[in-house]
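Worksheet: the structure to be examined is printed underneath.
Chains as they are written, first to last, in my numbering: chain R, 2 to 86; chain G, 2 to 269.
Dropping the structure here:
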């Protein structure tokens with residue numbers, strides 16, 4: 002059986018191939034996660050959760066999406082950078 | 002009409018190695034060729050010129066590091082330019098000296114912003130200062146292990162050191178110095194590092210400050226000193242110097258039977 006629609010955890014459907022199966026022609030890459038260990042071994046995951054809970058980040062992202070010129074976009078991303086690190 | 006080529010990333014973050022252009026890998030070169038723009042943070046001679054032969058547009062980020070400005074300002078400015086360019090005309094490449102996941106804060110900012118803005122990031126390794134240090138010193142961490150700390154982080158968290166394991170301390174010459182300065186940290190700051198290390202090692206313990214070569218015609222600089230005179234040594238070294246502290250002693254084998262079994266397996 003080939004790999005069908007392999008997505009990150011929470012990303013939707015996925016079929017696990019047998020180890021000897023050849024890859025499906027449609028598969029361009031398989032992402033392997035250490036299920037259940039992501040938060041514990043990657044402190045960045047926890048930091049990102051905190052960042053996403055920040056209202057100023059949400060506002061900055063909206064400004065990035067709404068930017069209609071390069072100068073506006075640069076200023077909006079700059080505001081985002083101030084919030085994330 | 003053919004559709005534009007699809008790339009598996011919007012931002013590629015790649016490492017260029019330490020020794021000018023000679024340590025750039027083929028996969029990094031391929032990635033730079035495929036990117037619309039390449040932002041370069043590498044002051045080694047010839048790098049920007051060489052990358053201009055691969056990329057249609059090369060932006061040298063060296064000027065973002067303004068004298069006496071807080072380095073975080075430069076890191077944010079770099080990440081800002083890269084992410085903005087990726088939104089407007091992907092894929093773009095951020096090419097940094099060394100390894101992009103070895104003490105590279107712009108990489109962290111780019112990854113965070115990309116995760117928030119739904120941009121795809123690919124990161125490709127480069128030869129890091131640690132790789133060249135192992136060569137310069139002729140050591141192999143497989144035998145006695147290796148502990149690696151960033152100098153300021155070591156002091157801020159007062160991290161414990163294991164004295165029977167070799168220790169590498171990165172960014173020792175600029176310890177507790179958040180600003181882009183022409184000279185190493187003040188003697189007072191360097192003394193903080195020396196005094197902390199002296200709580201683990203004796204003052205006559207030998208150490209080496211390593212500055213790997215940044216051009217193939219250069220030689221690495223190995224500055225030997227004692228821990229008790231570390232301040233003076235660090236004050237006269239390059240910003241990029243890395244402190245190597247050899248172990249005080251070798252840890253004895255605790256399970257001789259298990260060690261003997263390993264020899265038997267090898268027929269020795």
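Where is the CB? At the ideal position from N, CA and C, for every residue including glycine. Predicted, not measured: the structure shown is a model, and the values here were computed from it.
Q) Is residue 194/G near residue 239/G, with beta carbons less than 9 Å apart? A) One thing to note: residue 194/G has its Cβ no nearer than 9 Å to the Cβ of residue 239/G.
Q | Neighbourhood of residue 129/G by C-beta distance below 6 Å, restricted to the same chain and skipping five residues each side | A | Correct list, in chain order: 99, 100 and 103.
Q: Compile a chain-ordered list of the residues in the region 102-124 of chain G whose CB is closer than 9 Å to at least one CB of chain R.
A: Within the region 102-124 of chain G, the qualifying residues are 106, 109, 110, 112, 113, 114, 116, 117 and 118.
(Q) With H, G and I counted as helix, E and B as strand and the rest as coil, what does DSSP make of residue 16/G? (A) Strand at residue 16/G.
Q | Cβ-Cβ separation, residue 83/G to residue 59/G (assumed contact under 8 Å), whole Å | A | With 8 Å as the limit, residue 59/G and residue 83/G do not qualify as a contact, their Cβ atoms being about 13 Å apart.
Q) Does any CB atom of chain G fall closer than 9 Å to the CB of residue 9/R? A) For residue 9/R, the predicted structure reports a pLDDT of 37, less than 50, and the residue's modelled location is therefore unreliable. The matter cannot be settled from this model.
Q. Are the region 13-24 of chain G and the region 40-57 of chain G touching by the rule of at least three beta carbon pairs closer than 8 Å?
A. With the cut-off at 8 Å, the region 13-24 of chain G and the region 40-57 of chain G touch.
Q: Taking only runs that begin and end inside the region 126-183 of chain G, name each unbroken beta strand (DSSP E) of 3 or more residues, in chain order.
A: Scanning the region 126-183 of chain G from its first residue to its last, the whole beta strand (DSSP E) runs of 3-plus residues come out as 147-151 and 167-171.
Q: For residue 98/G, name the three-state secondary structure that DSSP assigns.
A: Correct three-state label for residue 98/G: coil.
Q. Using a beta-carbon distance below 9 Å, is residue 89/G in contact with chain A?
A. In the structure shown, chain A cannot be found, because the protein chains are R and G.
Q | Rounded separation between residue 131/G and residue 170/G - CA only | A | Using only the alpha carbons, I get a separation of about 10 Å.
Q: Would you check if the distance between the CB atom of residue 124/G and the CB atom of residue 14/G is smaller than 9 Å?
A: Contact check for residue 124/G against residue 14/G passes: the beta carbons are separated by less than 9 Å.
Q. Does the separation of the CB atoms of residue 228/G and residue 203/G fall below 9 Å?
A. Yes, these two residues count as a Cβ contact at 9 Å.
Q. So the beta strand (DSSP E) residue 48/G belongs to, where does it begin and stop?
A. Element bounds for residue 48/G: not the beta strand (DSSP E) but the alpha helix (DSSP H), 48-52.
Q. According to DSSP, what are the bridge partners of residue 244/G?
A. Residue pairing by DSSP places residue 244/G opposite 170/G and 210/G in a beta bridge.
Q) CB residue 80/R to CB residue 61/R, shorter than 9 Å? A) With a cutoff of 9 Å on beta-carbon distance, residue 80/R and residue 61/R are scored as near each other.
(Q) Going by beta-carbon coordinates alone, are residue 86/R and residue 110/G separated by less than 9 Å? (A) Yes. Within cutoff.
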